[in-house]
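Visitor: The sequence shown begins at 0 in numbering that gives the first Met the number 0 and counts up one residue at a time. The C-beta atom is built at its ideal place from N, Cα and C for all residues, glycine as well. Just passing along the structure, written as structure tokens.
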Amino acid sequence: MKKGISVFVGLLVALSGVFLFVQGCMISDIRTPEVKANWDEVRGRALLQEAFEAHGCARWDSLETYEVRFHDQFYGFLGKNGNPYPDDKADLILQYIPKTYNGRAQFMEGPLKGKVWGLQSWKTYIESPDGTRTWKPDKDIEFWLPTYQYFIELPARIGKATVVSYAGERLRNGETYDLVFATWGKPGPQKDIDQYLLYINRRTHLIDRLEYTVRDIMKFMKGGLNYATYKDYDGLKIPVYMPVDNPFGKGVLHEMRISDFVPDKVDRSVILPDPHLPFIGDDK
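This is the structure we're talking about:
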């Protein structure tokens, strides 16, 4: 592949200079002052449950697999040079088993047209257009396939976090939001565990914004995306427009869009091509 995570990390360092080099020795922490001052797990989990219901997340339990038509467009110097694709955009068919990290991405346009990236039980592979499958470690596949899936399924999966607290109230774009902090293990920053901050719309109970750490790339790095538009598919609300913040200033790093969602279109065996690999669900 022309570009990848190693290039992305290099660009981050080059753009950030000495300041971020120093910051790189630190671990980002997105706990709000309210989280640090007044831990409230009961209220936090109640808000997550309200969001779970508002998003129709119980519907995920009835799905064996799902397929989405997915578009990702990157912008600016960082976006164009730090993304894992030959072009500045990717037009994909994504196929996943819900609530796992098993999936496939088929390229529909561009230099990679016809190729497939796959992830099964945290083993990565590439399929050529003729169906030849090559299993080999690939950091881009290991990062991007589960990242796309987690952003799509987040309202249903974030409740499994072992550490949850109400994180305060914020006014944003004329809407009032209840914030919820979520992570695993302990509240404070950990070098290999991400933290999440959810903005839950008090009027709709939908998650409109997500802020997060990105430990897999750099320990100090933070990100954010807006769940700007949802579409209802038979009671399940799917995010169809997700612009991602530029981590170093104003503007958008990339925009993720979903133009179609089809449940149970593909058999599980397609997503789990090696029957000898032990099945790994929601664990890493």
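(1) Below 8 Å on the Cβ atoms is my contact criterion, and I expect Thr-31 with Gly-158 to pass it. Report the Cβ-Cβ distance as a whole number of Å.
(2) Go ahead and label Gln-94 buried or exposed: buried means 16 or more other beta carbons lie within 10 angstroms of its beta carbon, across all protein chains shown.
(3) Under 6 Å Cβ to Cβ from Phe-20, same chain only, skipping five residues before and after it: list those, please.
(4) Output the distance between the C-alpha atoms of Gly-187 and Leu-153, rounded to the nearest integer angstrom.
(5) Identify whether Phe-20 lies in helix, strand or coil by the three-state DSSP scheme.
(6) Could you compute how far the alpha carbon of Val-163 sits from the alpha carbon of Ile-199?
(7) Put Asp-177 into one of helix, strand or coil per three-state DSSP.
(8) Look at Met-220 and Met-241 and say whether their C-beta atoms are less than 8 Å apart.
(9) Spatial neighbours of Gly-113 within its chain, please: CB distance less than 6 Å, with the 5 preceding and 5 following residues excluded, ordered by chain position.
(10) For Lys-249, count neighbouring C-beta atoms within 10 Å of its own C-beta (all shown protein chains included) and say buried if the count is 16 or more, exposed if not.
(11) Alpha carbon to alpha carbon, how far is Val-41 from Leu-118?
(12) With DSSP as the reference, identify every bridge partner of Val-162, one or two as the case may be.
(13) What residue range does the beta strand (DSSP E) around Pro-262 cover?
(14) Helix, strand or coil: which one does DSSP assign to Ile-279?
(15) Hey, is the region 63 to 70 in contact with the region 263 to 273, meaning 3+ C-beta pairs nearer than 8 Å?
(16) Taking 8 Å as the threshold (C-beta atoms), are Arg-68 and Asp-259 in contact?
(17) Whose C-alpha, out of Tyr-165, Ile-237 and Arg-103, is nearest the C-alpha of Gln-48?
(18) May I ask you to list the residues that DSSP assigns as paired with Asn-200?
(19) In the DSSP assignment, find the beta strand (DSSP E) that holds Lys-221 and state where it starts and stops.
(20) Let me check understanding here. Comparing Cα to Cα, which of Tyr-176, Gly-109 and Asp-215 lies closest to Leu-196?
(21) Do you know whose CA, among Tyr-100, Val-213 and Arg-208, lies nearest Asp-141's CA?
(22) Excluding sequence positions up to five away, which residues of its chain have a Cβ less than 8 Å from the Cβ of Phe-304?
Guide: Concretely, from the data shown:
(1) Wrong, their Cβ atoms sit about 19 Å apart, outside the cutoff.
(2) buried
(3) Legend: pLDDT at Phe-20 = 47, less than 50; position of this residue unreliable, value from coordinates given subsequently. Nothing meets the Cβ criterion.
(4) 21 Å
(5) Model confidence at Phe-20 stands at a pLDDT of 47, short of 50, so the residue's coordinates are unreliable; what they give is reported in the following sentence. Three-state DSSP puts Phe-20 in a helix.
(6) 14 Å
(7) strand
(8) no
(9) Pro-128
(10) exposed
(11) 36 Å
(12) Thr-182
(13) 251 to 262
(14) coil
(15) yes
(16) yes
(17) Tyr-165
(18) Tyr-176
(19) 221 to 225
(20) Tyr-176
(21) For the sequence presented, residue 141 should be read as Glu rather than Asp. It is Tyr-100.
(22) Residue 304 lies beyond the stretch modelled for the chain, which goes from 0 to 283, so this question has no answer here.
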